[in-house]
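Asks:
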Amino acid sequence: MNTYIALLRGINVGGKNSLPMHELASYFEEMGCEGVKTYVQSGNVVFQNRRKLDERDTAIIAKRILQAKGFEPKILLLTSAELGTAIENNPFPTDNGKALHFFFLESRAERPDIAQLESAKADTETFHLGDRVFYLHAPDGVGRSRLAASAEKALGVSTTARNWNTVAKLISMLELK
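Numbering (my numbering), first residue to last: 117 to 293.
#1: Nearest to I181 by alpha carbon, out of R125, D239, T275, S261?
#2: Where I287 and I121 are concerned, what is the direct C-alpha to C-alpha distance, given to the nearest angstrom?
#3: Which term fits A197, buried or exposed, when burial requires 16 or more other beta carbons within 10 angstroms of its beta carbon?
#4: Apart from the five residues just before and just after M117, which ones in its own chain have a Cβ nearer than 8 Å to its Cβ?
#5: Check whether the stretch 266-285 touches the stretch 244-252, taking contact to mean three or more Cβ pairs, one atom from each stretch, closer than 8 Å.
#6: Considering Cα atoms alone, identify which of A231, S223, S261 is closest to E171.
#7: If you draw a straight line from the C-alpha of P189 to the C-alpha of N128, how long is it?
#8: At what residue ranges does the stretch 125-166 contain a whole run of the alpha helix (DSSP H), taking only runs of 4 or more?
#9: Compute the distance between the beta-carbons of Q232 and K269, then report whether it is under 9 Å.
#10: Whole angstroms is fine: what's the gap from V162's alpha carbon to L123's?
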């Protein structure tokens, strides 16, 4: 059995793209996924499947959401090993879970604009670009961070971000399986 984490982007934000988690779970179950569990309303799904899944499978789920809800979210699929590697490679302290953010990249950032990232960075912020994760430590909060707002453009690849508290919860959900 293969264990996966699906991270949906842009659902249940500011009253837009509403998708109840029980409905989201049912779309994964329709595809033969087992042990489907969701966490918070931002679209975090932990599940298992006998097959090896890829972007074609997440595209099917995104199209199913489009048919049912009228919008098509981006879905980033991670294996449990990929999430584990992202955590192992985190260079920042995890004591303030709201200050540490993992921007999961759809693919590797081939030509990131490091100068743009540096110029957008506040004095209190630090960042590190890994293979498929951009780590941001923003102790003053991510809501007003110019770096957080411009990271995707500077990286040149689609991202979806989760704070450390969410990442830690996803890991604990994997350990319960």
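The C-beta atom is built at its ideal place from N, Cα and C for all residues, glycine as well.
Replies: So, from the listed chains and residues:
#1: Taking the sequence shown and counting its residues from 1, one reaches residue 181 at position 65. If we check each option's Cα against that of I181, R125 comes out closest.
#2: Locating residue 287 in the sequence shown gives position 171, counting from the first residue. Locating residue 121 in the sequence shown gives position 5, counting from the first residue. Rounded to whole angstroms, I287 to I121 spans 10 Å at the Cα level.
#3: Translated into positions along the sequence shown, residue 197 becomes position 81. A197 is exposed by the Cβ-count criterion.
#4: For the purposes of this step, residue 117 is taken as the residue at position 1 of the sequence shown. Closer than 8 Å at Cβ, skipping near neighbours: E150, Q164, N165, R166.
#5: yes
#6: Taking the first residue of the sequence shown as 1, we reach residue 171 at position 55. Residue S223 is the option with its Cα nearest to E171.
#7: Taking the sequence shown and counting its residues from 1, one reaches residue 189 at position 73. Taking the sequence shown and counting its residues from 1, one reaches residue 128 at position 12. Roughly 11 Å separates the two Cα atoms.
#8: 137-146
#9: If you number the sequence shown from 1, residue 232 lands on position 116. If you number the sequence shown from 1, residue 269 lands on position 153. It is a contact, given that the beta carbons lie within the stated cut-off.
#10: For this step, residue 162 is matched to residue 46 along the sequence shown. For this step, residue 123 is matched to residue 7 along the sequence shown. In a straight line, the C-alpha of V162 is about 9 Å away from that of L123.
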